[in-house]
Amino acid sequence: MSTQTAFSRRNFLGLTAAAASVPLLAACGGGSATQGGGGAAGGAVKFWDMPWAAPAYNDAAKKVTEGFSGANSKASYQLIQWNNFYQTFSSAIASKTGPAVSTGGGFQAFQFDDQGQIAYADNVVESMKKNGMYDDFLPGLLEPFKSSKGYVAIPWQLSMRVFWYRKSLFEKAGVEAPKDWASILESGKALKKIGVFGFATGSGSGNNFGNHAMIQMMANNGGGVFGTDGQLDVMNDRNIEAVEFLLELVSNGIIDPAAVGYTSENLDADWKGGKVAFGPHATQLDHRVGDKTSDIVVASPIAGPHGDKHGLVFANNIMMYTNTPSQEASEAFVEYFLGQSKTFWQQKLINALPVFKSITELPEFAADPNNVKIVKEWQPIAKTFAAQGTTLNGSLAALDGGQALNQFTQTVLTGKTDAKSALQAFESGLKSVLKK
Amino acid sequence: MSSTTTSSGLARARKGLAPGGSGGGTGNRKSKLSAQTSRTFFWLLLPSVILLVLIHGYPLFHAGIQATHDGNLIQTGSFVGLENFQKVLSSPAFWKAAQFTLLFTIVGVFGSWAVGLGLALLLRTKIPAGGTFKVLLLLPWVVPIVVSSTAWNWLVATPDSLIPSIFRNLGLGTPLFLADPTLAAVTVMIFKVWVSFPFMMMMTSAALASVDTTVYEAANMDGASRFQQFTQITLPLIARSTYISWILMTIFCVNDFPTIYLLTGGGPVDATTSLVVLAYRTVFQDFATGPGVAIAFLMTITLVVVSVILYRQIRKSSVE
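Pasting the structure below:
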């Protein structure tokens, strides 16, 4: 039998190198953008939007976008998936095929501002001051977007992290819903006796709720990853105290030991199935898990051991890019889109919290008591990822969903650490990312 | 029958020779091409070569630039030489990921090969509904990885999932398959074997089908046991195909992003972070483009080395 090779070693090496280059190509590959520059055909403003809610939202947003006719211009709508969105934006912007206006990741505007790609929204803010929209913003939302050069973006909806609880499980366990950290621990022990976890979280594949819970507990205690000057301040006493408390919850079995591997679907299934009774989550958790009995409700803000009460908020924003057919048209579109955004809440297409007081007063929004409670009690005390500071910046993107925070969260949830060691490793990981 | 006779028979069998038959060597088939033919070949190949250079060459070149510069996906920064490689190679996270990648690849390649070989041998025997059985066995390879990872999540993720429940009912405790670092690593590797064995089974089945059955008749006449036939006839005769499947599976395992990322995301506490997951995170979560591409380069070099070593084995296994 002859098995003489039909191709040479050199050929084989070439083939192997080509096959092996897959990771390289994955690492350096471009995005999927195919359209022309910041203006679509005919010089229209190209608007890229993210799937913020169910597909019905995207249809409505497209309709709103295509209804734009300001500054002698039109606008086109393109939906961008969250999967690899930063790569999609980056490669499109690099090749001058990116949008003129977009929504995006919470800190995306700051990242692209660092790279000189953002058009500042100062004119939009000035215009909103004249037409009353500026005064309509909920308190404290706009200023974090003001850098030394100008407003890098305008918030248009809020992703809040608040505490939720399931009333019937607390009744069954014979305890009150927690009002402070001590009662989280106390009620958690009582809930454990009926086979229910008293602090729901998770940090498995694609699940950021665990990461957010870590920062939320630090912020709740008056701490945070960054100091008031915007510099890293991981090892402060409030953070150590918060992590010690979380470790106490883990060691007492109040946090599910399997939570470290939970996807957000696993976590939601636990809420739905009555396996958990209390914990931080996003707005409209009750809708998310299909609870129509009003058994899952928003808790009032929880007091830390020093009396601090803070929540966590991500202000999702709309931003403009320097690559645009007309800056005037971009600005007109942003103002138009913000003005039209109430339709998303009127039609109940979006779960997030609005940024305008007038929308929170819409009957469609105010009919949900959980919404009202979040606006009234949680929004005014909510802090951003920049806590203890107030100014946002591009570094926060590396914190949000980066390796350092994820590893820190998983370390804490496994319980095989002490607070200082976990925080030191976290700080070290953050430094290595932020100094680049 | 003397052992000498048996060895001789097996030796002939390994060469694929029927009893008493003559060898089937093809001799040196190299022929000199005329200058005209060579030119024709050159012009016919040129479009493909240009395409390959554009599709593979340019991204590799660009990746090389990114690996030796700082900056980000939009703007390449200043030239830093091999600093990104030094940074990566001095990082404990890289070596931890490399260690897991090695283990994941060894288990993935040999685990899927062992299962695939076993089933391929089983499928050679006449079993009822063999065709249907073959199709069912292909399902793990055919089903999209997103679907199978979701199914595995349902099976193992929570204490109330099916498999932990079975363990609990058997009095073996409640293993946290995705929450315990060791168990998560084991789970991911078993998942990889499960996803990959149909490919190995098909490769091996094809190789086995090409083996002349008279070889086994000769071995039987020589008194070789089933085990001897397997180790000294079957394995050598399918060696070439085996090495090729190992090369391919090695590349599949080292480059495997979705299997790991969808099931564990690289956790818990980086227990299942492979190099490709680390490269992805470094570029797209930590936004460190240079070090991330450097990791990918190191992976590529390693894969080329491993492929060359295995390719040499293929040549050794070739029988003239």
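Residue numbers (the numbering used here), protein chains in the order written: chain A, 1 to 436; chain B, 1 to 320.
Positions of the beta carbon are idealized from the N, C-alpha and C atoms, including for glycine.
F47/A by DSSP, collapsed to three states: which one?
-> Position 47 of the first sequence, counted from the first residue, corresponds to residue 47/A. Of the three classes helix, strand and coil, the one that applies to F47/A here is strand, per DSSP.
With DSSP collapsed to three states, give me the class of R310/A.
-> For the purposes of this step, residue 310/A is taken as the residue at position 310 of the first sequence. In the sequence on display, residue 310/A carries His and not Arg. Three-state DSSP puts H310/A in coil, outside helix and strand.
Pick from Y261/B, L170/B, A296/B, I163/B that is closest to V146/B, judged by C-alpha positions = Start at 1 with the first residue of the second sequence, and residue 146/B comes out as number 146. When only C-alpha atoms are compared, the closest one is Y261/B.
D59/A to Q81/A span [Cα, whole Å] | Here residue 59/A refers to the residue found at position 59 of the first sequence. Here residue 81/A refers to the residue found at position 81 of the first sequence. Approximately 14 Å between the Cα atoms of the pair.
By a C-beta neighbour count over all protein chains shown, 10 Å radius and 16 as the cutoff for buried, is Q86/B buried or exposed?
-> In the second sequence, residue 86/B corresponds to position 86, counting from 1. Answer is exposed; the Cβ neighbour count stays below 16.
Chain B contacts made by the region 251–264 of chain A, where a contact means CB separation under 9 Å | D256, P257, A258, A259, V260, G261, Y262, T263
Please say whether N371/A and K156/A have beta carbons closer to each other than 9 Å?
-> Position 156 of the first sequence, counted from the start, is the residue given in the question as residue 156/A. Position 371 of the first sequence, counted from the start, is the residue given in the question as residue 371/A. With the sequence shown as reference, residue 156/A is identified as Trp, and Lys is not the correct amino acid for it. No. Outside cutoff.
Counting Cβ pairs, one atom from each stretch, are 3 or more of them under 8 Å apart for the region 281–288 of chain B and the region 212–225 of chain B?
-> no
Inter-residue spacing [alpha-carbon to alpha-carbon] between R81/B and T88/A = Stepping through the second sequence from its first residue, residue 81/B is reached at position 81. Stepping through the first sequence from its first residue, residue 88/A is reached at position 88. Before going on, a small fix: residue 81/B reads as Gly here, not Arg. Near 27 Å, if we compare the C-alpha coordinates of T88/A and G81/B.
With S264/A as the anchor, note down where its alpha helix (DSSP H) starts and where it stops.
-> On the first sequence, residue 264/A is found 264 positions in, with the first residue counted as 1. Start and end: 264–272.
Limits of the alpha helix (DSSP H) - the one that I244/B falls within | Here residue 244/B refers to the residue found at position 244 of the second sequence. Counting along the chain, the alpha helix (DSSP H) containing I244/B begins and ends at 239–254.
Taking only runs of the beta strand (DSSP E) that begin and end inside the region 277–321 of chain A, which ones reach a length of at least 3 residues, in chain order?
-> 278–282, 296–298, 311–321
Return the first residue and the last residue of the alpha helix (DSSP H) that W152/B is part of.
-> Translated into the one-based positions of the second sequence, residue 152/B becomes position 152. W152/B -> alpha helix (DSSP H) spans 145–156.
Using a Cβ-Cβ distance under 9 Å, would G140/A count as near chain B?
-> Here residue 140/A corresponds to residue number 140 of the first sequence, with the count starting at 1. No, G140/A lies away from the interface with chain B (no Cβ there is under 9 Å from its Cβ).
Residue from N72/A, L79/A, A75/A, Q117/A whose Cα sits closest to the Cα of S90/A = Here residue 90/A corresponds to residue number 90 of the first sequence, with the count starting at 1. Ranking the options by Cα distance to S90/A, first place goes to Q117/A.
From A219/A, T391/A, G415/A, pick the residue whose C-alpha is nearest to that of D448/A; which is it?
-> An answer regarding residue 448/A cannot be provided, because it is not within the stretch 1 to 436 covered by chain A.
Closest residue to V334/A among T390/A, L312/A, Q403/A, T65/A (Cα-Cα distance) = Numbered from its first residue, the first sequence carries residue 334/A at position 334. For the residues T390/A, L312/A, Q403/A, T65/A, the minimum Cα distance to V334/A belongs to T65/A.
Cβ neighbours of F47/A in the same chain (closer than 8 Å, five flanking residues each side left out) | Within the first sequence, residue 47/A is the residue found at index 47, counting from 1. Counting only Cβ-Cβ distances below 8 Å, and skipping sequence neighbours, we find T65, A75, S76, Y77, Q78, P99, A100, V101, S102, F333, F337.
Any C-beta of chain A under 9 Å from that of T68/B = As a first step, residue 68/B must be located in the second sequence, where it is residue number 68. No - not a single Cβ of chain A is within 9 Å of the one on T68/B.
C-alpha gap between G227/A and F426/A, whole angstroms = Sequence index remark: in the first sequence, residue 227/A carries index 227 (1-based). Sequence index remark: in the first sequence, residue 426/A carries index 426 (1-based). In a straight line, the C-alpha of G227/A is about 15 Å away from that of F426/A.
How long is the line joining the alpha carbons of S294/A and V254/B, rounded to whole angstroms?
-> As a first step, residue 294/A must be located in the first sequence, where it is residue number 294. As a first step, residue 254/B must be located in the second sequence, where it is residue number 254. Looking at the two C-alpha atoms, the distance is approximately 49 Å.
List the whole-angstrom C-beta distance separating F94/B from V188/B, where the pair is believed to meet the contact cut-off of C-beta under 8 Å.
-> Working through the second sequence from its first residue, we reach residue 94/B at position 94. Working through the second sequence from its first residue, we reach residue 188/B at position 188. At roughly 19 Å, the Cβ-Cβ gap does not stay under 8 Å, so F94/B and V188/B are not in contact.
Give me whichever residues DSSP pairs with G71/B in a beta bridge.
-> As a first step, residue 71/B is located in the second sequence; it is residue number 71 there, counting from the start. Note: G71/B sits in a beta bridge opposite T76/B.
DSSP-derived helix/strand/coil call for L349/A | Translated into the one-based positions of the first sequence, residue 349/A becomes position 349. Note: L349/A maps to coil in three-state DSSP.
Could you list which residues in chain A have their beta carbon closer than 8 Å to that of D256/B, in chain order?
-> Residue numbering aside, residue 256/B sits at position 256 when the second sequence is read from its first letter. Correct list: empty, because the minimum Cβ distance to chain A is about 10 Å.
Between the Cα of I65/B and the Cα atoms of A184/B, S210/B, G292/B, which residue gives the shortest distance?
-> Translated into positions along the second sequence, residue 65/B becomes position 65. With distances taken between Cα atoms, I65/B lies closest to G292/B.
Unbroken alpha helix (DSSP H) run spanning Y216/B, endpoints | Counted from its first residue, the second sequence places residue 216/B at position 216. It spans 214–221 - the alpha helix (DSSP H) in which Y216/B sits, taken as one unbroken run.
Can you tell me the Cβ-Cβ gap for A71/A and A329/A, rounded? I've got them flagged as a contact below 8 Å.
-> For the purposes of this step, residue 71/A is taken as the residue at position 71 of the first sequence. For the purposes of this step, residue 329/A is taken as the residue at position 329 of the first sequence. Yes, they are in contact, since the Cβ atoms of A71/A and A329/A sit about 4 Å apart, within 8 Å.
In the structure shown, what three-state DSSP assignment does M235/A receive?
-> For the purposes of this step, residue 235/A is identified with residue 235 of the first sequence, where counting begins at 1. Coil.
For Y77/A, the first and last residue of its enclosing alpha helix (DSSP H) | Residue 77/A sits at position 77 when you count from the first residue of the first sequence. Looking at the DSSP string, Y77/A is not in any alpha helix (DSSP H); the run it does join, the beta strand (DSSP E), is 75–79.
Using a Cβ cut-off of 7 Å, pull out every chain A residue sitting near I238/B, in sequence order please.
-> Here residue 238/B is taken as the residue at index 238 of the second sequence, counted from 1. What I238/B touches in chain A: nothing, since even the nearest Cβ is about 12 Å away.
Mind pulling the chain B residues with CB within less than 7 Å of T411/A?
-> The sequence position of residue 411/A within the first sequence is 411, counting from 1. Ordered by position in chain B, the residues that pass the 7 Å Cβ test against T411/A are V269.
Under 7 Å (Cβ pairs) to chain A, residues found in the region 153–179 of chain B | N153, A157, T158, P159, L176, L178, A179
For the beta strand (DSSP E) holding L158/A, just list the boundary residues, first then last.
-> Your numbering for residue 158/A matches position 158 in the first sequence. Unbroken beta strand (DSSP E) run through L158/A: 154–166.
Would you say V22/A reaches chain B, if we count a Cβ-Cβ gap shorter than 9 Å as a contact?
-> Locating residue 22/A in the first sequence gives position 22, counting from the first residue. Its pLDDT being 42, under 50, V22/A is placed unreliably in this model, and the value from its coordinates should be taken loosely. Interface residue, yes.
Tell me the DSSP bridge mates of D229/A?
-> For the purposes of this step, residue 229/A is taken as residue 229 along the first sequence, with counting starting at 1. According to DSSP, which records beta bridges pairwise, D229/A is partnered with nothing at all.
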